[in-house]
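Numbering (the numbering used here), first residue to last: 2 to 262.
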């Protein structure tokens, strides 16, 4: 079924949201291939559109004083689609695990082969109290999509590492912030990419990123980005990251990135 991104509710509820379009110029790097941050941006937009389609979107939840917040995500890029290549981005809910609402994604080529697969964990937060709520009451009305696993595991909590060194510093500015008023989840991916030698990312054909969003970053806050290489045989590069708030050292995110040429 064709999904209408301009009016997600127009088609009626769908179990799996999908959008087909060519890879645009703003989504590639010097290698002429899709960037990792573009992957996360595609998935974010698909998830938001599908939530609206299912009646649990931003405005729907806002009426009850609630909001969706992404907590964890794992994504594997097995092949990076090229500029002007037509891809189909899909997203679907996968039920709830404790406080987490699960959502899967993939990006498929014209032959229906998944180039990218991912799974995310979301929490529902009380907007005023900034506290998580049980997702089950919201999830009960959503499609179960049993036996439709993009990944065979759920994103796990990443451990704190003691050997990290400061490699960058970023201040959260206007263009970093989203509708909720904190740094958008895709911006974290861009911050991570910007700490690396661009040639590593340009040469990589396969990538895996695991990220935990631990504490929101508000406008004006300064984040120290810490990193260290990981011992990982077979990778052309593997790195651990942690974003810490300057001043109090509170961890805002942790991530691990692996690259293969």
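Think of the CB as a built atom: it goes at the ideal place given N, C-alpha and C, for glycine as much as any other residue.
According to DSSP, is residue 39 part of a helix, a strand, or is it coil? Three-state DSSP puts residue 39 in a helix.
Beta carbon of residue 143, beta carbon of residue 124: below 7 Å? With respect to the 7 Å criterion, residue 143 and residue 124 are not classified as neighbours on the basis of their beta carbons.
Sheet register partners of residue 213 (DSSP bridge): DSSP lists 73, 255 as partners of residue 213.
What do you reckon, are the CB atoms on residue 190 and residue 41 nearer than 7 Å? Yes, the pair counts as a contact, with Cβ atoms nearer than the cut-off.
What did DSSP end up calling residue 228 once you bin it into helix, strand or coil? Looking at residue 228 - three-state DSSP - the assignment turns out to be strand.
Just to confirm my understanding: we take residue 51, look at its own chain, exclude 5 residues before and 5 after, and list those with CB closer than 6 Å. What are they? Around residue 51: 18, 92.
Please report the distance separating the alpha-carbon of residue 38 from that of residue 188. Rounded to the nearest whole angstrom, the C-alpha separation of residue 38 and residue 188 is 8 Å.
Does the beta-carbon of residue 243 have 16 or more other beta-carbons within 10 angstroms, so that it is buried, or is it exposed? Answer is buried; the Cβ neighbour count reaches 16.
Kindly indicate which residue of 88, 138, 239, 163 has the alpha-carbon position closest to the one of residue 44. Measuring C-alpha to C-alpha distances from residue 44 to each of 88, 138, 239, 163 identifies 88 as the nearest.
With residue 169 as the anchor, note down where its beta strand (DSSP E) starts and where it stops. Looking at the DSSP string, the run of the beta strand (DSSP E) that includes residue 169 is 166-172.
Could you check which residue in 117, 197, 173 has the C-alpha nearest to that of residue 220? Ranked by how close their Cα comes to the Cα of residue 220, the residues 117, 197, 173 have 173 in first place.
Unbroken alpha helix (DSSP H) run spanning residue 63, endpoints: Start and end: 59-63.
Measuring alpha carbon to alpha carbon, tell me which residue in 181, 7, 63, 29 is nearest residue 20. The shortest CA-to-CA distance from residue 20 to any of 181, 7, 63, 29 is the one to 7.
Span of the beta strand (DSSP E) holding residue 103? Note, residue 103: beta strand (DSSP E), 101-109.
Give the single residue among 155, 36, 103 whose Cα lies nearest to the Cα of residue 208. Put simply, of 155, 36, 103 the residue whose alpha carbon is nearest the alpha carbon of residue 208 is 36.
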